[in-house]
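Heads up, the thing below is written out as structure tokens.
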């Protein structure tokens with residue numbers, strides 16, 4: 005496959021590219037996901053912003 | 306030569322400017338240690354990637370790929386999947402959230418506060434401070450040799466100049482300076498590696514025909530005759546074929562390089578601390594998008610080009626029109642570290658050789674700056690301020706002095722250690738960190754029932770087992786370090802075994818295959834038998850986790 009003699013190493017080649025594509029797609033899909041913002045964290049942020 | 310010196314001066318001027326910018330923006334301790342927790346995702350992920358990838362990963366491991374071929378691509382897959390995807394998505398987010406909940410400023414501080422233990426913070430800091438200079442020296446030795454060969458500077462002067470420039474911006478500008486310079490250096494590395502792979506595939510007729518030519522070359526006795534029977538090729542069947550299971554070559558490639566480095570990256574303090582430099586998960590999500598392709602263009606390109614260089618050396622005329630007609634190992638004077646430099650010199654124009662050299666400076670400098678910073682904050686914050694409980698009037702000053710001590714220690718190691726130590730010192734530090742920190746770190750982020758006693762036992766147990774195996778049984782590391790020889794008169798306790806026997810082969814097994822599982826088991830068993838943390842502490846640790 006792809007001129008690579010062993011299937012195992014062709015898999016390593018494709019998985020390397022696939023893993024990079026996975027990272028790219030994940031980043032695009034989750035581009036604006038800021039994660040869980042708990043009530044406590046919101047309150048802390050408010051407090052910091054008020055101080056600033 | 307003049308052209309190289311001019312471009313080198315321009316490169317160093319840009320680095321110094323970015324370092325100065327970091328210094329101007331560094332006002333308080335959290336700026337110095339965590340870049341104010343407000344770093345842009347592109348800068349964060351490029352900094353992570355370039356700190357991860359040093360000159361030895363490209364030149365050393367690229368040369369190893371020229372020798373062994375595509376089996377090293379498993380490391381590229383591990384680097385991207387474990388080192389970026391799982392590291393950012395699984396560990397990174399939890400590290401950031403818990404780090405912010407506990408107001409941790411360093412990796413040891415995160416561990417210390419999670420387990421309410423000054424001892425854990427102090428011991429972790431001491432391990433990093435004492436052993437990081439060995440790893441930093443390995444990077445320094447590699448780049449100083451490059452400076453020596455390419456710019457005609459003596460080795461000792463090269464070590465001093467390179468250390469002085471890097472130390473200047475690390476000590477003064479802290480994490481902000483480190484990350485700004487890292488991002489610039491990563492961009493340079495990315496462009497050069499992209500040109501590197503494009504040229505190599507182009508000259509060999511594209512992906513499939515290039516790989517096929519490499520596959521065919523392994524069947525050509527005129528090509529492989531000169532390397533057949535080499536001790537480093539026992540169990541090798543061709544550059545695009547798998548290695549024979551259980552042979553010393555298989556053990557080195559799959560247990561030390563693929564598993565040891567591929568998994569070990571998760572517990573590297575200088576990388577884990579970067580997760581705490583961003584303000585939300587959004588920056589980590591975006592960082593994954595930049596980091597994955599960056600790693601593919603670093604180790605992926607180095608390993609593919611390294612392997613394909615065999616076909617180029619054998620078939621393609623060099624710049625003088627001469628066809629070498631030999632494989633890369635012979636073209637590189639039978640020295641793995643010289644293969645990539647010889648490939649560049651023989652087949653690429655002068656301008657590319659100049660920029661490749663700058664990219665290697667960038668790779669070394671970005672890794673080194675992260676190492677100096679991590680070792681410095683470990684000494685200043687974790688060992689001195691927290692571990693020993695010293696009263697510190699000016700946190701910034703004490704961390705700057707500590708970074709200077711780490712720099713001097715690293716430079717001292719670079720003068721003492723032999724050149725052949727580069728890959729071994731890297732494996733040594735990765736192994737030690739994995740066994741000592743990884744179980745406590747992963748379980749601390751995910752398992753609420755993990756106890757303080759379990760964390761301490763796992764840390765000490767992992768460290769002790771890993772240290773013993775590295776010093777007395779794992780010949781590739783125990784031999785250059787020489788402690789086993791000094792105590793027992795042999796390079797390792799397994800070196801006298803009959804060649805081919807299981808005990809003989811075990812000396813090539815990576816110590817972490819044993820040490821890390823042992824540390825995980827210790828953590829689990831001791832957790833079952835010791836007192837848990839109060840709910841209030843667990844709630845405090847998990848308060849930013851959500852869900």
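Chains as they are written, first to last, in our numbering: chain G, 5 to 56; chain V, 306 to 852. Don't be surprised by glycine CBs; every beta carbon is placed ideally from N, CA and C. Bear in mind the structure is a predicted one, so any value in this text is a computation, not a measurement.
- Between the C-alpha atoms of residue 745 of chain V and residue 732 of chain V, what's the straight-line distance to the nearest angstrom? Near 20 Å, if we compare the C-alpha coordinates of residue 732 of chain V and residue 745 of chain V.
- Message: Contact defined as beta carbons within less than 8 Å: I believe residue 365 of chain V pairs with residue 728 of chain V. What is the distance between those atoms, to the nearest angstrom?
- Response: So it is a contact: roughly 6 Å between Cβ atoms.
- Assigned exposure category for residue 5 of chain G - 16 Cβ within 10 Å defines buried: Around the beta carbon of residue 5 of chain G, fewer than 16 other beta carbons lie within 10 angstroms, which makes this residue exposed.
- Compare the beta carbon distance of residue 17 of chain G and residue 375 of chain V with 8 Å and say whether it is the shorter of the two. For residue 17 of chain G and residue 375 of chain V, yes; Cβs fall inside 8 Å.
- How do the stretch 673-688 of chain V and the stretch 376-384 of chain V stand: do at least 3 beta-carbon pairs fall below 8 Å, yes or no? At 8 Å Cβ cutoff, the stretches do not touch.
- Name, please, each residue of chain G whose Cβ falls closer than 7 Å to the Cβ of residue 817 of chain V. Under the 7 Å cutoff, chain G gives no residues; its nearest Cβ is about 21 Å from residue 817 of chain V.
- Limits of the unbroken alpha helix (DSSP H) element including residue 414 of chain V: The continuous alpha helix (DSSP H) containing residue 414 of chain V extends over residues 412-419.
- With 16 as the cutoff for other CB atoms within 10 Å, does residue 535 of chain V come out buried or exposed? So residue 535 of chain V counts as exposed.
- Message: Measuring alpha carbon to alpha carbon, tell me which residue in G:32, G:13, G:37 is nearest residue 596 of chain V.
- Response: Comparing C-alpha distances from residue 596 of chain V to each of G:32, G:13, G:37 shows the shortest one belongs to G:32.
- Task: Consult DSSP for residue 816 of chain V and reduce its assignment to one of helix, strand or coil.
- Result: Here residue 816 of chain V sits in coil by DSSP.
- For the stretch 344-361 of chain V and the stretch 571-588 of chain V, state whether three or more C-beta atom pairs, one from each stretch, are separated by less than 8 Å. The stretch 344-361 of chain V makes contact with the stretch 571-588 of chain V: 3 or more CB pairs, one atom from each, lie closer than 8 Å.
- Message: Would residue 515 of chain V and residue 613 of chain V be called neighbours here (beta carbons separated by less than 8 Å)?
- Response: Taking 8 Å as the Cβ cut-off, residue 515 of chain V and residue 613 of chain V qualify as a contacting pair.
- Does any C-beta atom of chain G lie closer than 8 Å to the C-beta of residue 516 of chain V? Yes, its Cβ sits closer than 8 Å to a Cβ of chain G.
- Task: Identify which residue in V:444, V:835, V:803, V:641 has its Cα closest to the Cα of residue 716 of chain V.
- Result: Selected option, being the one with the closest Cα: V:444.
- Message: Less than 8 Å between the C-beta atoms of residue 663 of chain V and residue 436 of chain V, yes or no?
- Response: No. Outside cutoff.
- Message: Assuming residue 462 of chain V is part of the alpha helix (DSSP H), what are its boundary residues?
- Response: Unbroken alpha helix (DSSP H) run through residue 462 of chain V: 460-508.
- Item | residue 705 of chain V versus residue 788 of chain V: straight-line alpha-carbon distance, rounded | A straight-line Cα-Cα distance of about 33 Å links residue 705 of chain V and residue 788 of chain V.
- Using a C-beta to C-beta distance shorter than 7 Å, which residues of chain V count as neighbours of residue 12 of chain G? What residue 12 of chain G touches in chain V: 547.
- Do the CB positions of residue 761 of chain V and residue 368 of chain V come within less than 8 Å of each other? Their beta carbons are not under 8 Å apart, which means residue 761 of chain V does not touch residue 368 of chain V by this criterion.
- Message: With H, G and I counted as helix, E and B as strand and the rest as coil, what does DSSP make of residue 622 of chain V?
- Response: Strand.
- What separation, rounded to the nearest whole angstrom, lies between the Cα atoms of residue 411 of chain V and residue 356 of chain V? Cα to Cα, residue 411 of chain V sits roughly 16 Å from residue 356 of chain V.
- With respect to the alpha helix (DSSP H) encompassing residue 395 of chain V, which residues constitute its N-terminal and C-terminal limits? In the DSSP assignment, residue 395 of chain V falls outside any alpha helix (DSSP H), carrying neither H nor E.
- Backbone secondary structure at residue 333 of chain V - three-state DSSP: Coil, per DSSP.
- Assign residue 320 of chain V to one of three DSSP states: helix, strand, or coil. Residue 320 of chain V: helix per DSSP, three-state reduction.
- Given that residue 594 of chain V touches chain G, what residues does it touch there, using C-beta distances under 8 Å? Those are 27, 28, 30, 31, 32, 35, listed as they occur along chain G.
- Which whole-angstrom value is the C-beta distance of residue 582 of chain V and residue 349 of chain V, which I expect to be below 8 Å? About 6 Å separates the two Cβ atoms, so the contact holds.
- Item | Cutoff 6 Å; reference residue 580 of chain V; Cβ partners in own chain excluding five residues on either side | 397, 400, 401.
- Residues near residue 419 of chain V in its chain [Cβ-Cβ closer than 7 Å; skip 5 each side]: For residue 419 of chain V, where only same-chain residues beyond five positions count, the Cβ hits under 7 Å are 403, 407, 749, 846.
- Query: Would a C-beta distance cut-off of 8 Å place residue 671 of chain V and residue 552 of chain V closer than the cut-off?
  - Reply: Not in contact: residue 671 of chain V and residue 552 of chain V (Cβ atoms no closer than 8 Å).
- Message: Could you check whether the Cβ of residue 505 of chain V sits closer than 8 Å to any Cβ belonging to chain G?
- Response: The beta carbon of residue 505 of chain V sits no closer than 8 Å to any beta carbon of chain G.
- According to DSSP, residues forming a beta bridge with residue 628 of chain V: Secondary-structure assignment with DSSP links residue 628 of chain V through a beta bridge to V:622.
- Item | Simplified DSSP assignment, three categories, for residue 353 of chain V | Helix, per DSSP.
- Message: I believe residue 777 of chain V touches residue 372 of chain V by the beta-carbon criterion, under 8 Å. Please report the beta-carbon distance rounded to the nearest angstrom.
- Response: Approximately 28 Å separates the beta-carbon atoms of residue 777 of chain V and residue 372 of chain V; this is outside 8 Å, ruling out the contact.
- Measure the C-alpha to C-alpha separation of residue 530 of chain V and residue 540 of chain V and round it to an integer number of angstroms. Answer to the nearest angstrom: the Cα atoms are 16 Å apart.
- Item | Segment contact, 8 Å Cβ cut-off, at least three pairs: the stretch 471-478 of chain V with the stretch 613-625 of chain V | In short, these stretches do not touch, since the Cβ pair count stays below three.
- Using a Cβ cut-off of 9 Å, pull out every chain G residue sitting near residue 389 of chain V, in sequence order please. Near residue 389 of chain V (Cβ distances below 9 Å), the residues of chain G are 23, 24, 27.
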